Amino acid sequence: MGGSKKSAFAPASAALTQAGNIVELFVEVVRNTFRRPFQFREFIEQAWFIASVTILPTALVAIPFGAVVSLQTGSLIKQLGAESFTGAASVLAVVQQGSPIVTALLVAGAAGSAVTADLGSRTIREEIDAMRVLGIDPVHRLVVPRVLAMILVALLLNGLVSVVGIAGGYFFNVILQGGTPGAYLASFGALAQLPDLYVAEAKAAIFGLIAGIIASYKGLNPNPGPKGVGEAVNQTVVITFLLLFFANLILTLVYLQVVPAKGA
Numbered sequence: 549m550g551g552s553k554k555s556a557f558a559p560a561s562a563a564l565t566q567a568g569n570i571v572e573l574f575v576e577v578v579r580n581t582f583r584r585p586f587q588f589r590e591f592i593e594q595a596w597f598i599a600s601v602t603i604l605p606t607a608l609v610a611i612p613f614g615a616v617v618s619l620q621t622g623s624l625i626k627q628l629g630a631e632s633f634t635g636a637a638s639v640l641a642v643v644q645q646g647s648p649i650v651t652a653l654l655v656a657g658a659a660g661s662a663v664t665a666d667l668g669s670r671t672i673r674e675e676i677d678a679m680r681v682l683g684i685d686p687v688h689r690l691v692v693p694r695v696l697a698m699i700l701v702a703l704l705l706n707g708l709v710s711v712v713g714i715a716g717g718y719f720f721n722v723i724l725q726g727g728t729p730g731a732y733l734a735s736f737g738a739l740a741q742l743p744d745l746y747v748a749e750a751k752a753a754i755f756g757l758i759a760g761i762i763a764s765y766k767g768l769n770p771n772p773g774p775k776g777v778g779e780a781v782n783q784t785v786v787i788t789f790l791l792l793f794f795a796n797l798i799l800t801l802v803y804l805q806v807v808p809a810k811g812a
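Listed below in structure tokens is the structure:
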């Protein structure tokens, strides 16, 4: 009976332990971020690598995403008889929700898996243990530059998705749906506000931080062997996606409560 109870609570206990370890790694990353010397070269190399594997997929995803949002909102608003607000609805949907989500998915899926695979391969080759023996902190040397690089690239990709998505939405709305260019831009200016952009960038930074922490933790703690690294990569993507969607929900609720809509 006692053994069955322990087995029933084992998954929950393991999940809580893992969550505590992730929080501990986050605290270590924050502390080591201000530790000198800063690994600037590693940061630049990782930022370039992460950007190289995410820029093209992000741009390719942003074009159809902006088009779908524009076409769907344009059709719906036309049914409601408010065609003049098509631009505002499309652009706000892309800036507030679309661009951070697309950025999060690409950063977690492409960059996060690459970081986990890199650190995981170092771990199973005992390079991480060798660094500790030599007195080198792997969090300061390897994890901090990767987490900061993911935050920086997430911020840049969020701007890229916003620009490409808005341009794609404008093209499809004006060319395919016969919208008026002036009305599209005017409605956007009438309802949009700078906090909409601020919250999108804040979301992107937080998503990059979450993806970097999860990827680094899984990379530093894989199961033994190459199979363990593959499992760690899969777990990184799944866990990061779940956390990012919950974080987006919480941030959106807080933003809508704190910042009133323009004209409200």
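Just add 548 to the spot in the sequence shown (first one is 1) and you have our numbering.
Even for Gly, the Cβ is constructed at its ideal location relative to N, Cα and C.
Just so it is clear, the structure is predicted and the values come from calculations on it, not from any experiment.
Whole-angstrom C-beta distance between residue j and residue i, which should lie under 8 Å
i    : j    : result
V695 : G767 : Wrong, their Cβ atoms sit about 12 Å apart, outside the cutoff.
V650 : F613 : 6 Å
V813 : A702 : An answer regarding residue 813 cannot be provided, because it is not within the stretch 549 to 812 covered by the chain.
G660 : T581 : Not confirmed; about 19 Å, so no contact.
P770 : A780 : 4 Å
P686 : I676 : 5 Å
For residue i, the first and last residue of its enclosing alpha helix (DSSP H)
i    : result
V712 : 692 to 719
R689 : It is not in any alpha helix (DSSP H) - R689 carries neither H nor E in the DSSP assignment.
N796 : 773 to 806
L653 : 647 to 654
E749 : 742 to 768
E675 : 675 to 681
V663 : 661 to 672
Cβ-based burial, residue i [other Cβ within 10 Å; buried from 16]
i    : result
F720 : buried
N569 : exposed
A567 : exposed
M549 : Bear in mind that a pLDDT of 48 at M549, under 50, signals an unreliable position, so the model cannot answer this.
G668 : buried
P814 : The structure shown does not extend to residue 814, since the chain spans only 549 to 812, so no value can be given for it.
G683 : exposed
S600 : exposed
I592 : exposed
F715 : Reading the sequence as shown, one finds Ala at residue 715 and not Phe. The residue is exposed, with fewer than 16 neighbouring Cβ atoms inside 10 Å.
R723 : Rather than Arg, the amino acid found at residue 723 in this sequence is Ile. Exposed: under 16 other Cβ atoms inside 10 Å.
S710 : buried
T565 : exposed
Using 8 Å as the threshold, is the segment 782 to 799 in touch with the segment 750 to 758, meaning 3 or more CB pairs across them?
yes
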